[in-house]
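Quick note: the sequence shown uses our numbering, first residue 33, plus one each step. From the three backbone atoms N, C-alpha and C, an ideal C-beta is built for every residue, glycine too. Notes for the one structure printed next.
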Amino acid sequence: MRETIQISRPIGIVVSLILLGLGGCSVFDQIDEVDQSILQAEAVSAPEDSKFSGGDCQVFFQGLAAGEALDRFFEKGKCGNEAPYRVSALGGDNPVQLGPEAKLNCAMTTQLQRYFADVVQPQAMRYLGQPVVKVRVAASYSCRRRNGSRRGKFSEHAFMNAMDISSFTLKDGRTLTVKRDWRGVSRDARFMKKINREACKYFTTVLGPGGDKYHQDHFHFDLAKHGRKGTYRVCK
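Rendered as C-alpha cells:
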C-alpha cells in the first residue's frame, strides 16, 4: 500500500509532488579523511525512529518532508530497500523542493531534512540574503556498484542511502551550481564551501569538488557504515 505524505506548516503551505528522475554518480576511491575526533564530536546522528518504515518514519508525519511511501522494493538480489520513499520536498521554516524527486530510505530523508533546516537555509540567509527553494538532484537510487564497476562493493545509491546535489535555486530565481560556483572567494563560493563542510556533521560520507575527480560538479551525501563500528566519517 502506498501513501502520499505532504509537508504541513502553520501557515498552510503545501509542497506538491514532482516527477521522479534518477541520475548517476561515480563513488569515491581513496579519499583523505578529516580528523575523526572532530567529526565524532560534532556528529548529528539520525534518530532511532528513522530506521523504521511506513508510519514510523517520523520526519514525514511531523510535516517535515513530503513524498510517497512506496512498497518494499528489491532488484538484482541486492539493490533496493525494505521501506523506500519517493521524496519531493524537505520542510521546515523554508521548504525545499527536490527536482527530480529522490527515492530514499527513511534515515537518509531524516538527515537531509535536518541538514537543510540546520545548515543550508541558515547559511543561505547569511551569505546570500535569501533561502534556497529548490535543489537539483543529480542522483538518488541507482542499482550499481561503486564507480560503475562490474565487481566490488555496491554504491550506497543502490540502497537508497545516498543523494547527490548539483545545484541550488534561490527564492529570487537565481541558480547556483556546484561546478560553476564552488571556486573562488565570492559569497556564492563561500556558501558552497560552508554547507559542504558542515554536511560532515550529518552524513558519514561527504564528497564534493574538494574531493576527487568524480565529484567536481556535485555534492555526494550518504550514510554508509565506515570502520569497525560503522561511525567513521569520510569528508572531503
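* Asked: If you draw a straight line from the C-alpha of H258 to the C-alpha of M157, how long is it?
  -> One-based indexing of the sequence shown puts residue 258 at position 226. One-based indexing of the sequence shown puts residue 157 at position 125. Going by the C-alpha atoms only, they are around 33 Å apart.
* Check each candidate in K211, T236, Y234 and name the one with the smallest Cα separation from M224. => On the sequence shown, position 192 is the one that residue 224 refers to. Here the closest residue by C-alpha is K211.
* To do: Quick one: using the 10 Å Cβ neighbour count with 16 as the cut-off for buried, is S187 buried or exposed?
  => The count along the sequence shown starts at 1 and reaches residue 187 at position 155. By the neighbour-count rule (16 or more Cβ atoms within 10 Å), S187 is buried.
* To do: Give the straight-line distance between the Cα atoms of F106 and G112, rounded to the nearest whole angstrom.
  => Along the sequence shown, one-based indexing puts residue 106 at 74. Along the sequence shown, one-based indexing puts residue 112 at 80. In a straight line, the C-alpha of F106 is about 4 Å away from that of G112.
* Asked: When we look at the beta-carbon of E65 and count the other beta-carbons within 10 Å, is it buried (16 or more) or exposed?
  -> Looking up residue 65 in the sequence shown gives position 33. For E65, the predicted structure reports a pLDDT of 44, less than 50, and the residue's modelled location is therefore unreliable. A value from the coordinates is still provided. That one is exposed.
* To do: Would you tell me roughly how many angstroms separate the C-alpha atoms of D204 and P163, rounded to the nearest one?
  => Position 172 of the sequence shown holds residue 204. Position 131 of the sequence shown holds residue 163. The alpha-carbon atoms of D204 and P163 are separated by roughly 9 Å.
* Asked: Residues in its own chain within less than 6 Å of K226 by CB, not counting five upstream and five downstream?
  -> Taking the sequence shown and counting its residues from 1, one reaches residue 226 at position 194. Closer than 6 Å at Cβ, skipping near neighbours: Q155.
* In its own chain, which residues sit with a C-beta less than 6 Å from the C-beta of L239, not counting the 5 before and 5 after it? -> Position 207 of the sequence shown holds residue 239. Around L239: F60, H247, H252, K268.
* For S172, count neighbouring Cβ atoms within 10 angstroms of its own Cβ and tell me buried if that reaches 16, exposed if not. => In the sequence shown, the residue the question calls residue 172 occupies position 140. Buried is the call here.
* Grab the span of the beta strand (DSSP E) containing P154 for me, first residue to last. => Residue numbering aside, residue 154 sits at position 122 when the sequence shown is read from its first letter. Where P154 is concerned, there is no enclosing beta strand (DSSP E), although the alpha helix (DSSP H) it sits in stretches over 153-160.
* **Spatial neighbours of Q143 in its chain, beta-carbon cut-off 7 Å, leaving aside the 5 residues before and after** => Counting from 1 along the sequence shown, the entry for residue 143 is found at position 111. Within the same chain, Q143 has close Cβ partners A78, Y234, F235, L255.
* To do: Ignoring anything shorter than 3 residues or poking outside the region 108-189, list the beta strand (DSSP E) runs there in chain order.
  => 111-113, 117-122, 128-136, 164-171
* Going by Cα to Cα distance, which pick from G131, G161, Y117, G242 is closest to D103? -> Against the sequence shown, residue 103 aligns to sequence position 71. It is Y117 whose Cα lies nearest to the Cα of D103.
* Got a sec? Which residues, its chain only, sit under 6 Å from L96 by beta carbon, not counting five neighbours each side? -> Taking the sequence shown and counting its residues from 1, one reaches residue 96 at position 64. Only G123, Q145 meet the Cβ criterion.
* Got a sec, what are the start and stop residues for the alpha helix (DSSP H) F200 sits in? -> Indexing the sequence shown from 1 puts residue 200 at position 168. Here F200 belongs to no alpha helix (DSSP H); instead the beta strand (DSSP E) covers 194-202.
* To do: Go ahead and pull the three-state DSSP assignment for D254.
  => Within the sequence shown, residue 254 is the residue found at index 222, counting from 1. Looking at D254 - three-state DSSP - the assignment turns out to be strand.
* Separation of V217 from E133, as counted between CA atoms -> Translated into the one-based positions of the sequence shown, residue 133 becomes position 101. Translated into the one-based positions of the sequence shown, residue 217 becomes position 185. Near 32 Å, if we compare the C-alpha coordinates of V217 and E133.
* Run of the beta strand (DSSP E) containing A97, from where it starts to where it stops -> Along the sequence shown, one-based indexing puts residue 97 at 65. Residues 97-101.
* Asked: What is the DSSP secondary structure of C232, reduced to helix, strand or coil?
  -> Stepping through the sequence shown from its first residue, residue 232 is reached at position 200. Note: C232 maps to helix in three-state DSSP.
* Asked: So the beta strand (DSSP E) V238 belongs to, where does it begin and stop?
  -> Translated into positions along the sequence shown, residue 238 becomes position 206. Segment 237-239, the beta strand (DSSP E) holding V238.
* Please classify V266: does DSSP put it in a helix, a strand, or coil? => Along the sequence shown, read from residue 1 onward, the residue named residue 266 stands at position 234. Three-state result, V266: strand.
* Neighbourhood of P241 by C-beta, 6 Å cutoff - its chain only, sequence neighbours within 5 removed -> What you label residue 241 is simply residue 209 of the sequence shown in a count that begins at 1. Around P241: W214, Q248.
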